[in-house]
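Okay, so here's the structure we're looking at.
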Amino acid sequence: MSRSDTLKLLILNDSRSEVERLVSMLRNAGITARAQHAESLDALSKLLQEQSWDLLLGHDQTSNLPLEQAIREIKKLNKDIPVIAITEEEGSHPVVEWLRAGATEVVTLDDDQHLLLVIDREVENLDHRHSRRIADRKRREAEQKAMHLLDSSRDAIAYVQDGMFLFVNQTFAEQLGYEDKDDLEVMPLIDIIGDDDQGRCKEALKNFNVKSQTVEPVDFKFNAVSDSGDSVPLEITFSQATFDNEPCISLHGDYRRLRALEVPQQAQPAAAAVAEQPAEKPKESSASKLRDTATGLYNRSALYQQIENALDGSTTEHSTHALLLVNIADFNTRIINTLGYRLSDLGMREISSKIRDWLTGNEFFARFNDSTFAILLPNCPATPAQDRCQNLLEFINDTVFEVKSKTIIVRAQIGISLITETTKDSDQCVEHARKAMEQVRAQDADNDGGFHLFEEKKENKSSGNHLADQLIKAIQSDNIYLLFQPIIGLRGSEEEQYEVLARIRDEEGQDLPNQDLFKEVSDLNTLLKLDRWIVLEAAKQLAQHRSKGNNTRLIVNLSQAVFEDPNLPSWLKVAIKAADLPADGIIFQLREADVTEHISKAKRFTDAVIGNGTPVSITNFGCALNPLNTLKHVNADFIKLDGSYTQELQENPESTGLSNLVRDLNGFKKTTIVPFVENASALSKLWQAGVHYIQGHYLQEPHAQMNYDFNSDN
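Numbers 689 to 1402, taken from this note's numbering, label the letters of the sequence shown in order.
Structure (structure tokens):
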């Protein structure tokens, strides 16, 4: 840090004299500091939102404003402010604890020389991070300009990877008679090659790929197949390139060569014949491509552009903006069931019209998806953004929405994401708002609406005993809850099944990171209490759900602690019977690692449970050295593969690891479940492999209610 720079410093300390001593010490060291003493959480929050700061010095024993609260507030507001904890305690214990809590460094009280060196280092690191963010923004701007040049070029340009189009510009698409270049993206290159030229094309690509990095461009002249099926002569240059940081092949058709290959003028239709043809529909303007056709609002593409503009200001000017994702609560019941699919867009148009009138002129409004709007609030820190959300909720609650003489009752669930200097890109901004919105949805069981500000939660790396204490407190204070994720049949099964996932909140009601509780907690007594709580709560909710006429089953995860209680199988049988559920209404699921480490105990437990008429499943299957050997000793009706197999298949469609394992499991006559299905591209492969059930965010994320429409997939 340059000694001529002014250090903008926040200080947390109950002793005013110590604050003055620190400022004096910095001044004597040649550091000009503009210090502010924060004495309460509200005062700190106000200071963080109104100004930018370089550093926070906090005594670890402050009572007016505890240092851990200050660290949480900095994270909540998405600020890049290094925190230096000052402690009177000797040894490594305070260092470990405060670094784990989020401090950047820990310095012993009165060790001023150490403190000065740390301040110099942290402010220099802060400058480096700021410079890197500016460089990243400039790089992204250059990439956007390059993409614009590619898209607007008169030359036909495309990029191909593994035989599939990654990018196609509009000229390339028009050469093949496509109105929209998106129609060609992700299409196999071979699909546009005429039958007579496909052999030559495959050979050219094969030879091209095996050459070295210094390979010369290759010209390839062929007859392409247009969108209408006509033959179109093309001359393309193949060359090596990089697109979106991925190595690929560039296809470049020079404008002059393409013009020379076009059908001669005399071969074109006569003028009279052309006049008789219907007029060509004008091409969609670039402005209209940024609009949602149903509501007239800006669409998601326009939203991302606006966020990028906001990021520029946050990076260079340290300004803060807020993104709101406004989800219509219980959209299917309140909109679809009331208006029907045909009129649902009219309903969203009516809602958007009223909200648009409520917004101010500088607030950007867009439609994010079928049930969600997006609002970008410029120069709006956390507190004003939360106030704005509260006002919006009240406005929506007090507004009557009418469509075709039908009245719809609307409530909103709003997620807030702050755009600051630490925001990486528009994708991260939207993802943070989506997670905040999903947290509101998970906690809003009655769909009354609400809002939540996203807060990045650092994963707790402390011992399992610490998490065990949190878990016990969560059970005692009713801060544990269940989510349900549907499991869908691929082979015509009409069964309704969900996996039960447990989540816990801290004492302040904030969700802890989605940890694998069974893996992180080592105390067996605590795990057994968790097992019993989950079984009872899942059985209660399933009984309520089935009483409405649903024939639903739940997969309930159990920990390794169940192997240590010989009376648990009979307790499980009683719990299921007490909830008036059939014995096979719940499927108990064990982790493969727990089963393989306790083969004998696992065998006794599963035999007893299956003897009660209740099925058993093994999850995270396929990670053991010889996973199939486990099935020779431990009986299980269902096998849920480890997520790494799905990821491998989605990254490399040619991978055979999943299909080989499923084939072997089918030989054991096991029912297979594949988790983490994130897109439709892998579905055909999974079906061909013989998979019975699939699960993942592509179908539905974990939800507080069992509300998936299984009939839509049968």
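Glycine included, every Cβ here is placed at the ideal spot set by N, Cα and C.
Contact set for residue i: own chain, Cβ-Cβ below 7 Å, skip 5 residues either direction
i: residue 968; result: Below a pLDDT of 50, predicted positions are generally treated as unreliable, and residue 968, at 40, falls in that range; the measurement from the model is reported next regardless. So the list is empty, once near-sequence residues are dropped.
i: residue 1374; result: 1178, 1362, 1382
i: residue 1003; result: 821, 822, 825, 1109
i: residue 1094; result: 1026, 1027
i: residue 914; result: 864, 865, 920
Range covered by the alpha helix (DSSP H) that runs through residue i
i: residue 1105; result: Counting along the chain, residue 1105 falls outside any alpha helix (DSSP H), though it belongs to the beta strand (DSSP E) covering 1100-1107.
i: residue 1257; result: 1256-1266
i: residue 1041; result: 1029-1046
i: residue 1086; result: 1070-1086
i: residue 739; result: It is not in any alpha helix (DSSP H) - residue 739 carries neither H nor E in the DSSP assignment.
i: residue 1311; result: Unbroken run through residue 1311: none, as it is neither H nor E.
Exposure label - residue i; buried when at least 16 CB within 10 Å
i: residue 1356; result: exposed
i: residue 1120; result: buried
i: residue 719; result: buried
i: residue 1069; result: buried
i: residue 1191; result: buried
i: residue 1266; result: exposed
i: residue 705; result: exposed
i: residue 1348; result: exposed
i: residue 686; result: In this structure the chain extends from 689 to 1402, so residue 686 is not present and cannot be described.
i: residue 1376; result: exposed
i: residue 998; result: buried
i: residue 1321; result: exposed
i: residue 833; result: exposed
i: residue 1057; result: exposed
i: residue 837; result: exposed
C-alpha gap between residue i and residue j, whole angstroms
i: residue 883; j: residue 911; result: 9 Å
i: residue 756; j: residue 1110; result: 20 Å
i: residue 713; j: residue 809; result: 17 Å
i: residue 1107; j: residue 717; result: 35 Å
i: residue 846; j: residue 852; result: 10 Å
i: residue 1232; j: residue 1222; result: 15 Å
i: residue 886; j: residue 1336; result: 30 Å
i: residue 1086; j: residue 1016; result: 15 Å
i: residue 1256; j: residue 1250; result: 7 Å
i: residue 1113; j: residue 770; result: 21 Å
i: residue 764; j: residue 1073; result: 13 Å
i: residue 1226; j: residue 1188; result: 7 Å
i: residue 638; j: residue 1218; result: Since the first and last residues shown for the chain are 689 and 1402, residue 638 lies out of range.
i: residue 1259; j: residue 1214; result: 17 Å
i: residue 890; j: residue 928; result: 16 Å
i: residue 936; j: residue 1046; result: 48 Å
i: residue 1092; j: residue 996; result: 38 Å
i: residue 1339; j: residue 1370; result: 10 Å
Own chain, CB closer than 6 Å to residue i, minus 5 neighbours either side, in chain order
i: residue 1327; result: 1306, 1309, 1353, 1358, 1360
i: residue 1389; result: none
i: residue 787; result: none
i: residue 781; result: none
i: residue 1105; result: 1011, 1117, 1120, 1121, 1142
i: residue 1066; result: 1009, 1050
i: residue 1128; result: 1101, 1138, 1140
Limits of the beta strand (DSSP E) - the one that residue i falls within
i: residue 1094; result: 1094-1096
i: residue 989; result: It is not in any beta strand (DSSP E) - residue 989 instead sits in the alpha helix (DSSP H) that spans 988-1005.
i: residue 849; result: 844-849
i: residue 1174; result: 1168-1177
i: residue 1125; result: Note, residue 1125: premise wrong, no beta strand (DSSP E); alpha helix (DSSP H) at 1114-1131.
i: residue 1359; result: 1359-1362
i: residue 1233; result: Where residue 1233 is concerned, there is no enclosing beta strand (DSSP E), although the alpha helix (DSSP H) it sits in stretches over 1212-1234.
Paired residues, beta bridge with residue i - DSSP
i: residue 829; result: Looking at the DSSP assignment, residue 829 forms no beta bridge with any residue, so it has no partner.
i: residue 1345; result: Residue 1345 pairs with nothing; no bridge assigned.
i: residue 1248; result: According to DSSP, which records beta bridges pairwise, residue 1248 is partnered with nothing at all.
i: residue 919; result: 913
i: residue 1014; result: 1061, 1102
i: residue 773; result: 746, 794
i: residue 1404; result: This structure cannot settle anything about residue 1404, because the visible part of the chain is limited to 689 through 1402.
i: residue 1140; result: 1103
Proximal residues to residue i (C-beta, below 8 Å), its chain only, five neighbours per side dropped
i: residue 1380; result: 1177, 1178, 1179, 1181, 1359, 1360, 1361
i: residue 1280; result: 1306, 1307, 1308, 1309, 1310, 1311, 1312, 1315, 1318, 1330
i: residue 918; result: 865
i: residue 954; result: At residue 954 the pLDDT is 39, less than 50, meaning the model places this residue with poor confidence; the figure from the coordinates comes in the next sentence. Correct list: empty, nothing qualifies.
i: residue 1285; result: 1248
i: residue 986; result: 978, 979, 980, 994, 1052, 1053, 1054, 1055
Contact test: residue i Cβ vs the ligand MN heavy atom, cutoff 7 Å
i: residue 790; result: As for the ligand MN, it is missing from this structure, which has no ligand bound.
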